[in-house]
Every structure is written in C-alpha cells, then in structure tokens.
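Residue numbers (the working numbering), protein chains in the order written: chain A, 1 to 108; chain B, 109 to 228.
Even glycine gets a Cβ: it sits at the ideal position worked out from N, Cα and C.
Here the structure is a predicted model, which is why all the values come from computation and not from measurement.
Notes follow the structure.
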Amino acid sequence: ENLLTQSPGTLSLSPGGPVTLSCRASQSVQSSYLAWYQLKPGRAPRLLISGASIRAADIPDRFSGSGSGTDFTLTISRLEPEDSAVYYCQQYGSSPYTFGQGTKLQIK
Amino acid sequence: QVQLVQSGAEVKKPGSSVKVSCKASGGTLNNYGINWVRKAPGQGLEWLGRVRIDDGVAGYGPKSQGRVTITADKSASTAYMELSSLRSEDTAVYYCARDPVGSPIGFDVWGQGTVVTVSS
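Structure (structure tokens):
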C-alpha cells in the first residue's frame, strides 16, 4: 500500500497570498497518477488536478500541481476566501488507491 | 454532462447490511470504473474499492476486504456498494466517483453522497 503524507496539517492565511501544500508518497507513484481534491462541508469532493499537473475542467489557473516520483505539491497562487477547504492528495496508479490525511486551509 | 445520482440516506442497526446505488444520468459508464469513497465524521477520505463497468471486475481497499461488495449493471449504467456487518464506525457519507479506464484523468465526476447512519 502506497501511503501518502500531507503537510502541513492546518494553515490559516490571508487572501491574496500564495500557498503550497505538500504530499509525499511512501513509494514512487506510478505514471504520476497523482490527484488533488478540494472538500468543503456538505459537498462532494471536487477534482482540481490529475496526472500530477493537469488542471481539471473549470478549475481556475490559480491552482497548479507539480512533482513526480514521491514528492508532489499543490500551489494556489492568489488565495480567495472561497478556497477555505480541506485539500486531499490521492494516488491512483496502483491498487489500493490511497488518500493523504488532508490539509485544512482557512482563509481569514 | 454525465451526473452520478446516488440512492437516499439510510439508517441501519449494528450487524445489518446496507446497499447504496449510483446511477449515471445523461450518459453511460462504458469504459469507466466506479469508485466508492467514504468520509466519516472527523476522518479523512477513505477509498473502499472500485468496479470496472465493462467487465464487472472489482478491487478493494485493505480495510474493505470481506465486508464490502461492489457490483455493476452495465445495461442500467448503475453501480452498487454493499457493506455488511455494520458497526457504528461505518457511519459516514458514502460517495461514488467515476474514473476513465486507462486514463490519468482521476475521479472527475462524483455522486452527491449518501449518508449512512449506524445506530441501535
């Protein structure tokens, strides 16, 4: 099982600035099958990034992903209040698919 | 645009089983897998397993083995997740999500979620 560790656990930031979230895998992620999701209370998860760096449809270009092997990042370039959410990375290159434990981002 | 529509909320007794459905609306699920993911209160996302719609082959997460059964009805564009021997820790929102077979797109369409409450 490929375990994913996200850091930091919680962030509290102001609007306008950038943020980078980290996701580290215990084994190399096959074919860069690494995705990032946004989860808000009462809503289904929303795909932001797949294939480590491919933005999903209708996702603003403020969101970008990078990385390969075992180290991946999600960057939000200009934070907006609606970015408050929990962000999860996920590997889907090998079964069992696994999620990181999440990073909670608060924008105040 | 395909939507995934899940069955309604369930309240179950410990030891019983629950079966949740996930139907594609506005398209088919040919060449897709349907995954089941749950979010328990205070916990993170947990992948339960996946079924390939075209041939019905399923795979499961390590914690799901033995209690979760995932099936599909290709003609009805519907997938099912059955969880047996329910316990209070299974109280969660259960989501289905599709991913295209052999593509790096990821889980691009999600169902609205089904709340399962296990309580005596």
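Please confirm if residue i has its CB atom under 8 Å from at least one CB of chain B.
i, result
"residue 98 of chain A", "yes"
"residue 22 of chain A", "no"
"residue 25 of chain A", "no"
"residue 66 of chain A", "no"
"residue 31 of chain A", "yes"
Under a CB-based cut-off of 8 Å, is residue i close to chain A?
i, result
"residue 208 of chain B", "no"
"residue 155 of chain B", "yes"
"residue 167 of chain B", "yes"
Which residue from the options puts its Cα closest to that of residue i?
i, options, result
"residue 189 of chain B", "B:183, B:135, B:156", "B:156"
"residue 123 of chain B", "B:217, B:198, B:180", "B:198"
"residue 131 of chain B", "B:149, B:146, B:161", "B:161"
"residue 158 of chain B", "A:29, A:94, A:69, A:2", "A:94"
"residue 19 of chain A", "A:74, A:59, A:53, A:68", "A:74"
"residue 213 of chain B", "A:17, A:32, A:24, A:51", "A:51"
"residue 200 of chain B", "B:154, B:184, B:168", "B:154"
"residue 125 of chain B", "B:183, B:174, B:208, B:180", "B:174"
"residue 7 of chain A", "A:42, A:88, A:107", "A:88"
"residue 55 of chain A", "B:115, B:120, B:215", "B:215"
"residue 24 of chain A", "A:45, A:91, A:108, A:104", "A:91"
Tell me where the beta strand (DSSP E) around residue i begins and ends.
i, result
"residue 86 of chain A", "85-91"
"residue 37 of chain A", "34-39"
"residue 72 of chain A", "71-76"
"residue 128 of chain B", "126-133"
"residue 188 of chain B", "186-191"
"residue 178 of chain B", "176-181"
"residue 207 of chain B", "200-208"
"residue 63 of chain A", "63-68"
"residue 20 of chain A", "19-25"
"residue 43 of chain A", "Premise fails: residue 43 of chain A is in no beta strand (DSSP E) and is neither H nor E."
"residue 4 of chain A", "4-7"
If the cut is a Cβ gap below 7 Å, which residues of chain A does residue i touch?
i, result
"residue 213 of chain B", "50"
"residue 150 of chain B", "Residues of chain A passing the Cβ test: none, with the nearest at roughly 11 Å."
Look at the alpha carbon of residue i and the alpha carbon of residue j, and state the distance between them as a whole number of angstroms.
i, j, result
"residue 71 of chain A", "residue 98 of chain A", "15 Å"
"residue 196 of chain B", "residue 226 of chain B", "5 Å"
"residue 194 of chain B", "residue 218 of chain B", "24 Å"
"residue 133 of chain B", "residue 204 of chain B", "13 Å"
"residue 210 of chain B", "residue 228 of chain B", "43 Å"
"residue 186 of chain B", "residue 222 of chain B", "15 Å"
"residue 129 of chain B", "residue 15 of chain A", "40 Å"
"residue 118 of chain B", "residue 17 of chain A", "42 Å"
"residue 147 of chain B", "residue 32 of chain A", "25 Å"
"residue 163 of chain B", "residue 10 of chain A", "42 Å"
"residue 62 of chain A", "residue 171 of chain B", "36 Å"
"residue 127 of chain B", "residue 78 of chain A", "42 Å"
So with CB distances below 9 Å, who are the chain B contacts of residue i?
i, result
"residue 45 of chain A", "145, 147, 153, 203, 205, 215, 218"
"residue 69 of chain A", "In chain order: nothing, as chain B lies at least about 15 Å away."
Would you mind telling me which residues of chain A sit closer than 8 Å to residue i, beta carbon to beta carbon, in chain order?
i, result
"residue 116 of chain B", "Under the 8 Å cutoff, chain A gives no residues; its nearest Cβ is about 15 Å from residue 116 of chain B."
"residue 221 of chain B", "44"
So which residues of chain B does residue i contact, with C-beta pairs closer than 8 Å?
i, result
"residue 53 of chain A", "Here the premise fails: no neighbours, minimum Cβ distance about 10 Å."
For residue i, return the contacting residues in chain B, with the cut-off set at a CB-CB distance below 7 Å.
i, result
"residue 1 of chain A", "170"
"residue 87 of chain A", "Neighbours of residue 87 of chain A on chain B: none; closest Cβ ~11 Å, over 7 Å."
"residue 101 of chain A", "152"
"residue 95 of chain A", "167"
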